[in-house]
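Asks:
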Amino acid sequence: MGLLAEKNNPFMCLLFVLLAVGHYQWVQAQHCVWYGECGDSPVAGKKYNCNYTGPPIALPAEGNELLTELCPGYVYGNQSLCCDVAQLGTLKRSLQLPLQFLSRCPACFFNLMNLFCELTCSPHQSEFMKATQFGPEPALNTSAVDVTEVEYYIGQTFANAMYNACKDVENPSTNVKALSLLCGKEAKDCNATNWIQFMFDINNGQSPFSIIPKFSDAPVSGFTPMNNETFACTEGLDDGSGPCSCQDCAKACGPKPVPPPLPPPWTIFGVDAMYVVMWISYLAFLLIFVTVVLGAYCYRKRTITSEYGPILDSNNPLSLNNDNPDRDATCCETLGERFENAMRLLFTAWGSYCVRQPLVVILSTLVLVAAASSGLAYMRITTDPVELWSAPDSRARQEKDFFDGHFAPFFRTEQLIITTPLNSTFTFEPQQGADVPFGAILDKNILHQVLDLQLGIEGLVAEYDGHNVTLEDICLAPLAPYNNNCTILSVLNYFQNSHEVLDHINGDEFMTYADLHTHFLYCVSSPASLDDMTVLHDPCMGTFGGPVFPWLALGGYDGTHYNNATALVITFPVNNYKDDEVKLGKARAWEKEFIRYMKNYNNPNLTIAFNSERSIMDEIDRESDSDISTIVVSYVIMFVYISLALGHIHSLRRLMVDSKISLGIAGILIVLSSVACSLGIFSYAGIPLTLIVIEVIPFLVLAVGVDNIFIIVQTYQRDERMHQEELDQQIGRILGDVAPSMFLSSLSETVAFFLGALSDMPAVRTFSLFAGLAVFIDFLMQISCFVSLLGLDARRQEGNRLDIICCVKLPEGQEVKTDGFLFRFFKKIYAPFILKEWVRPIVVAVFVGMLSFSIAVVNKVEIGLDQKLSMPDDSYVLQYFENLTTYLHTGPPVYFVVEGGVNYTSLEGQNSVCGGVGCNNDSLVQQVYYSSLISNYTTIAYSPSSWLDDYFDWVKPQSSCCRYFNNTGAFCNASVVDPSCLHCRPMTASGKQRPEGEDFLRFLPMFLSDNPNINCGKGGHAAYSSAVHLDPNDTGVGATYFMTYHTILQNSSDFIHALKMARVLADNITQAVGHKVFPYSVFYVFYEQYLTIVYDTAFNLSMSLAAVFVVTAVLLGFELWSAVMVSVTIAMILINMFGVMWLWGISLNAVSLVNLVMCVGISVEFCSHIMRAFSISVKSTRVERAEEALAHMGSSVFSGITLTKFGGILILALSKSQIFQIFYFRMYLAIVLLGATHGLIFLPVLLSYIGPSVNKAKVSAANKRYAGTERERLLNY
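Residues in the sequence shown are numbered consecutively from -11, following my numbering.
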């Protein structure tokens, strides 16, 4: 035994040594790397940790609460750790920023806390950490050495899992990924490795010393990387926290929404189907038409000798020699004849009276005109675009009023888009990473020059009502009165609008570590940061207390490479005022000074396009002033033509006797008086005028009125006074013949216009009201005052007195009365030619071809009004519009407004709106977020800024944001250091949940008044103070909004689509939330009309045509077929107008709709007179009746409308205004040409084929009335 024991001693010794070594290594693995805090770090407010390689030390009791809050995984046993209470306090302060932005996703924040807790306090620090650098030797009275650098071995799996859980987390107030604020670069360029490297970099302003991360899943150099358990963002935590929301975790969203496919174009054999259908239809019509015409021609040749032969057979019921021609007259024909005769007798008696009593009639007219026109003293001209284009009861208008009333009117915008002609691009070489190219506009010298310009604008002083007005007096200052700096959305606000900050630089002779380029690159990815995490530690947040998003301040870049920007955008939001004219006047006065300053500014290195809120109205006013001369010249040409063309000159000797200059001028004055009466009467009623009314109605009434004047005067000139007939009887008889036709056209137009007033579009409604009344007053004055003046002028002419100089009389002389040239041309040449056997089919084929083409393209007419067209050709605003389209990358802001009723104090109400953990998948924020994923379809560019989600982050007990003074209960800002400040919510399981009930309402006003600062970036004052409308005494939450942006919108169709899609989205949200939600953007009120413009156009034109049909049918003696002929012809004119609009690039909008409604009125003038002349003709065949109607009325219509308007319209082409050139010159010209061709070519041909049969009762009445008189011979002529 002894020997055995002896022999075993070496073995036991070896075993003991091995065990001792293993125990030593195990003890060494359990020791700390540091403990406690020592010397000051070069990072302000930070300290180094003390070198310590002993075992973990039990945490004092006063640190238990902090440990439970920060690192609950270590709350077990005696809590022996490698950190003390001071280190835990430093950890909490260092994690405030990540807490505020990442705690929306519990898994993300848990993993992040795990990373830092292991680093700071782990009792196993030495397994994965190594101190590599130390401070100088401690002083004699201390034993601690500073740890100035450590290596931290981190499992790659852990790092990737932490990054994946955090990469999608949103920052609701800035609509950017939270990592953009925490990674030192844009979120898209961030990854697990460079994110952790940035957080541990001593240059980020948060890390007190350098921490070098080493990433590996396998042991390295004897160290086992920290590879703790992680949670994915789709997983809930052990403490009951739910998985992250879809907005913060893409994997929780399911499949990405897919926009519905666009409907394929309707084509046949690859060709637009409308073209094919109308082409086939036209060919089919031609085939049928030609067959019928040839068949009828052959049949007529066999049975009838001549179509034009007189019908003298006494047995023919239509013969003028028939003794009893009305034996076959129907009841309707008899009723029509009696109605016609009653009108004839009434107008005859009235005309005779007017000629007999001219003084009474003229004076009475003057009195009535003066009384009505006096209303012009109360005239108000509406220039407010909202009043012009949006009805007060329209949805967009009501939503605008709601928004303005509950929040504030959308601010006024003063904006500059700045480019440079220089091409000096610059490549920046950062300390780490690839080179970064910078555009010339971001050159430091250029930025200094732009800053000089910006500061110059800030210093502008305007004068209003004897007081100075500065930008500070009117600007949007969201943090006032604590911070009165104006909101200026400019890249230079990244540099605090300071030349000194712009010049900040840190580096040496070999390398630049930080300057404006590093600051710019950080700020465009983290615009809300209060520290750029470089050695400069300059803030990115604007001086006004809010972020400047790069997509608002830069232009002309590709993707999100803001460094490639080719334009700077500077925006000065100015407060708008709903009912305060004084404050609004100050804003306008400053804007006027701003425009003056910019027009005079000159810098060869800068190209500037600018716009002010008042610019468009100013340019429209300037345009209107410049176009006055054009309009005046246009009307002067028409006036001169009318004055000269009315006269029928028989010889040069009687030039001044036969001229009608004074009568023409009187007729023009009557037309203008009717317009003045209409304006005055409606001004009495308080209905405001619009520029469209002033510009269009004189043109319309002149067309209608002059036509009637020509008809009266030329009928008188062609008439032969019968035996023993006095002048008053002759003019009365003439008026009895033509006034029913005038009454027909005027009443048709009046009723059509008044029905047009049913439109919801204010501009169309106002025009229709004023036009309808003006046309009818004009008719009344023409059959009264003008007839009296015609009688006076006739007496002057019969007395051989000179026109104008009535006191001079020519000697008597025999003059042969002859017909006018135009009348002879129409009677002898034009009418017979148009109605020739071979011409008529060609006319029908051509006009039906035009109709077919117009139908094929009617659905291709663009809808909307390009705002560029409202500007003069030389306007500075045009360059701004051009640059807006070229450079800007973001559209206007859009607000999703919750009207009220949502119970935000309950979880159910919160979940229906919010976008964080536990929120419904179809909540308001989530639905807007989903829409932003398919922005090309929805036009929603970003996730919405959510006051509710930021409030939840702000109020968390882990955050330093929500605190109150214990003694007063007042709010205690995070920057205040006071031991009496307590957290709003307790650090308990319930305290960590969302606030409900009274707690929610108690702390919400604090959130809305909290200014963001370095300790709390979630303060809601700047971002949300106007987004939440609290009930009186803060007893509840009323209306609120959630803001995002549209994508860039370049033309009318983009704006219309954006409005449509926003409303679809809001309707879906309303259904999910259970309370009314609507979208609001500043442009909706102008573009809403285009959602229904097609319906409005169809409705207005259909009502107008229906009115024309009814009035025509009644006034033509209940001849329905005649009314159909007129209505069909006018409908063809309207359809052809759409064809012209497509060919000539004229879009459909309120202005063109007004012109189309006017087109109905003018078309009635072209058609109704011809139609009535045809219906009362007693010629034997349709061809003869059409020829007679065209001969007798065609010349008056041609000279009264076509020639009158043609000269005036051509002058409009010289206008500088694009609106005048397109919507007045082009459309007026098309209206007159189409009206003239249809009324004077197509309608007579149509009547010659399928016109109504002759009214037998009218024939009989004509025979009896003119039997034995000279008129009987004329009827047979």
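We put the beta carbon where it would ideally sit given N, CA and C, even for glycine.
#1: Distance check for T874 and T407, CA to CA, integer angstroms please.
#2: Nearest-angstrom Cα distance between N304 and G1149?
#3: Output needed for N433: all residues of its chain with C-beta closer than 6 Å, excluding positions within five of it in sequence on either side, in chain order.
#4: What residues in its chain sit with their C-beta under 6 Å from that of Y1072, if we drop five residues either side in the sequence?
#5: To which residues does DSSP link E139 through a beta bridge?
#6: According to the Cβ coordinates, are C70 and Y23 closer than 7 Å?
#7: In chain order, what residues of the same chain lie with their CB nearer than 7 Å to the CB of D189, ignoring the 5 residues before and after it?
#8: Taking the straight line between their C-alpha atoms, what separation do you get for D236 and S229?
#9: Taking just the CA atoms, how far does P932 sit from A1010?
#10: Please report the distance separating the alpha-carbon of S934 from that of P160.
#11: I'd like the list of long-range same chain contacts for L1141, defined as Cβ closer than 6 Å, with 5 residues on each side in sequence excluded.
#12: Which one or two residues does DSSP pair with C1004 in a beta bridge?
#13: Which runs of the alpha helix (DSSP H) fall wholly inside the region 411 to 488 and span at least 4 residues, in chain order?
#14: Going straight from the alpha carbon of M0 to that of Y141, what length do you get?
#15: Name the residue from G985, L876, M499 whose alpha carbon lies nearest to the alpha carbon of W539.
#16: Under three-state DSSP, which class holds G720?
#17: So, under 8 Å CB-CB, A762 and S622 are touching, yes? Tell me the CB distance rounded to an integer number of Å.
#18: If we count Cβ pairs, one from each stretch, closer than 8 Å, do we get three or more for the region 648 to 656 versus the region 694 to 703?
#19: Once the 5 residues before and after C342 are set aside, which same chain residues still bring their CB inside 6 Å of it?
#20: Grab the span of the beta strand (DSSP E) containing M1031 for me, first residue to last.
#21: Using the Cα positions of R92 and A238, report the straight-line distance between them to the nearest angstrom.
#22: With a 10 Å radius around its C-beta and 16 neighbouring C-beta atoms as the bar for buried, classify T878 as buried or exposed.
#23: Please name the residue or residues paired with E158 in a DSSP beta bridge.
#24: Can you tell me which residues form a DSSP beta bridge with K35?
#25: Which value, in whole angstroms, describes the spacing of the CA atoms of S29 and Y883?
#26: For Y1271, which of helix, strand or coil comes out of DSSP?
#27: On the premise that E451 lies in contact with E601, defined as a C-beta separation below 8 Å, what is that separation, rounded to the nearest angstrom?
#28: What are the uninterrupted segments assigned as alpha helix (DSSP H) that are 4 or more residues long and contained completely in the region 217 to 298, given in chain order?
#29: Assign S68 to one of three DSSP states: helix, strand, or coil.
#30: Spatial neighbours of V138 within its chain, please: C-beta separation below 6 Å, excluding the five flanking residues on both sides.
#31: Pick helix, strand or coil for E402, following the three-state DSSP scheme.
#32: Mapping DSSP to helix, strand and coil, what is S1110?
#33: For a test of the three-state rule: what should DSSP assign to R951, helix, strand or coil?
#34: Can you tell which of Y510, C234, D134, Q84 has the C-alpha that lies nearest to the C-alpha of N1001?
#35: Report the three-state DSSP secondary structure of L542 (helix, strand or coil).
#36: Three-state secondary structure (DSSP) at S1248?
Replies: With the given structure in hand:
#1: Translated into the one-based positions of the sequence shown, residue 407 becomes position 419. Translated into the one-based positions of the sequence shown, residue 874 becomes position 886. Cα-Cα distance, rounded: 11 Å.
#2: In the sequence shown, counting from the first residue as 1, residue 304 sits at position 316. In the sequence shown, counting from the first residue as 1, residue 1149 sits at position 1161. Low confidence applies to N304: its pLDDT is 43, below 50, so where it sits in the model is not reliable, and the reading given next is rough at best. In a straight line, the C-alpha of N304 is about 40 Å away from that of G1149.
#3: Translated into the one-based positions of the sequence shown, residue 433 becomes position 445. For N433, where only same-chain residues beyond five positions count, there are no Cβ hits under 6 Å.
#4: As a working mapping, residue 1072 is identified with position 1084 in the sequence shown. Excluding residues within five positions, the ones whose Cβ falls inside 6 Å are A384, L1047.
#5: Mapped onto the sequence shown, residue 139 falls at position 151. K118, I200.
#6: Numbered from 1 along the sequence shown, position 82 holds the residue referred to as residue 70. Numbered from 1 along the sequence shown, position 35 holds the residue referred to as residue 23. Yes. Within cutoff.
#7: Start at 1 with the first residue of the sequence shown, and residue 189 comes out as number 201. Setting aside the 5 residues that flank it on each side, D189 is surrounded in the same chain by S195, each with a C-beta closer than 7 Å to its C-beta; the list follows chain order.
#8: In the sequence shown, residue 236 corresponds to position 248, counting from 1. In the sequence shown, residue 229 corresponds to position 241, counting from 1. Each residue's alpha carbon lies about 15 Å from the other.
#9: Indexing the sequence shown from 1 puts residue 1010 at position 1022. Indexing the sequence shown from 1 puts residue 932 at position 944. Roughly 16 Å separates the two Cα atoms.
#10: Indexing the sequence shown from 1 puts residue 934 at position 946. Indexing the sequence shown from 1 puts residue 160 at position 172. Roughly 5 Å between the two C-alpha positions.
#11: Translated into positions along the sequence shown, residue 1141 becomes position 1153. For L1141, where only same-chain residues beyond five positions count, the Cβ hits under 6 Å are V752, T1085.
#12: Residue mapping note: residue 1004 aligns to position 1016 of the sequence shown, counting from 1. According to DSSP, C1004 bridges with N1001.
#13: List check, alpha helix (DSSP H) in window: 432 to 446, 459 to 462.
#14: As a working mapping, residue 0 is identified with position 12 in the sequence shown. As a working mapping, residue 141 is identified with position 153 in the sequence shown. Because the pLDDT of M0 is 44, which lies under 50, any placement of that residue in the model is unreliable, and the number read from its coordinates should be weighed accordingly. Taking the straight line from one Cα to the other gives about 38 Å.
#15: In the sequence shown, the residue the question calls residue 539 occupies position 551. It is L876 whose Cα lies nearest to the Cα of W539.
#16: Mapped onto the sequence shown, residue 720 falls at position 732. In the three-state reduction of the DSSP assignment, G720 falls in the helix class, which pools H, G and I.
#17: The residue labelled residue 762 in the question sits at position 774 within the sequence shown. The residue labelled residue 622 in the question sits at position 634 within the sequence shown. Rounded to the nearest angstrom, the Cβ distance from A762 to S622 is 18 Å, too far for a contact under 8 Å.
#18: Three or more Cβ pairs closer than 8 Å define a contact, and the region 648 to 656 meets that threshold against the region 694 to 703.
#19: The residue labelled residue 342 in the question sits at position 354 within the sequence shown. Excluding the 5 residues flanking it on each side, C342 has same chain C-beta neighbours closer than 6 Å at V349, S772, V775, S776, in chain order.
#20: Position 1043 of the sequence shown, counting from 1, holds the residue named residue 1031. Looking at the DSSP string, the run of the beta strand (DSSP E) that includes M1031 is 1025 to 1035.
#21: To locate residue 92, count along the sequence shown from 1; it is residue 104. To locate residue 238, count along the sequence shown from 1; it is residue 250. Taking the straight line joining both Cα atoms gives about 14 Å.
#22: In the sequence shown, residue 878 corresponds to position 890, counting from 1. Answer is buried; the Cβ neighbour count reaches 16.
#23: For the purposes of this step, residue 158 is taken as the residue at position 170 of the sequence shown. Beta-bridge annotation (DSSP): E158 is paired with K165.
#24: Here the question's residue 35 lines up with position 47 in the sequence shown. Answer is D28.
#25: Numbered from its first residue, the sequence shown carries residue 29 at position 41. Numbered from its first residue, the sequence shown carries residue 883 at position 895. Within the model, the alpha-carbon separation for S29 versus Y883 is close to 46 Å.
#26: No statement about residue 1271 is possible, as the shown extent of the chain runs from -11 to 1265 and does not include it.
#27: As a first step, residue 601 must be located in the sequence shown, where it is residue number 613. As a first step, residue 451 must be located in the sequence shown, where it is residue number 463. Not confirmed; about 19 Å, so no contact.
#28: Runs of the alpha helix (DSSP H) inside the region 217 to 298: 261 to 291.
#29: Here residue 68 refers to the residue found at position 80 of the sequence shown. S68 sits in a strand when the DSSP states are folded into three classes.
#30: Sequence index remark: in the sequence shown, residue 138 carries index 150 (1-based). For V138, where only same-chain residues beyond five positions count, the Cβ hits under 6 Å are M117, A119, I199.
#31: For the purposes of this step, residue 402 is identified with residue 414 of the sequence shown, where counting begins at 1. Reduced to three states, the DSSP call for E402 is strand.
#32: One-based indexing of the sequence shown puts residue 1110 at position 1122. S1110: helix per DSSP, three-state reduction.
#33: As a first step, residue 951 must be located in the sequence shown, where it is residue number 963. Correct three-state label for R951: strand.
#34: Along the sequence shown, read from residue 1 onward, the residue named residue 1001 stands at position 1013. When the alpha-carbon of N1001 is set against those of Y510, C234, D134, Q84, the nearest one is in Q84.
#35: Here residue 542 refers to the residue found at position 554 when the sequence shown is read from its first residue. Look at L542 here: in three-state DSSP terms it is strand.
#36: Here the question's residue 1248 lines up with position 1260 in the sequence shown. Helix at S1248.
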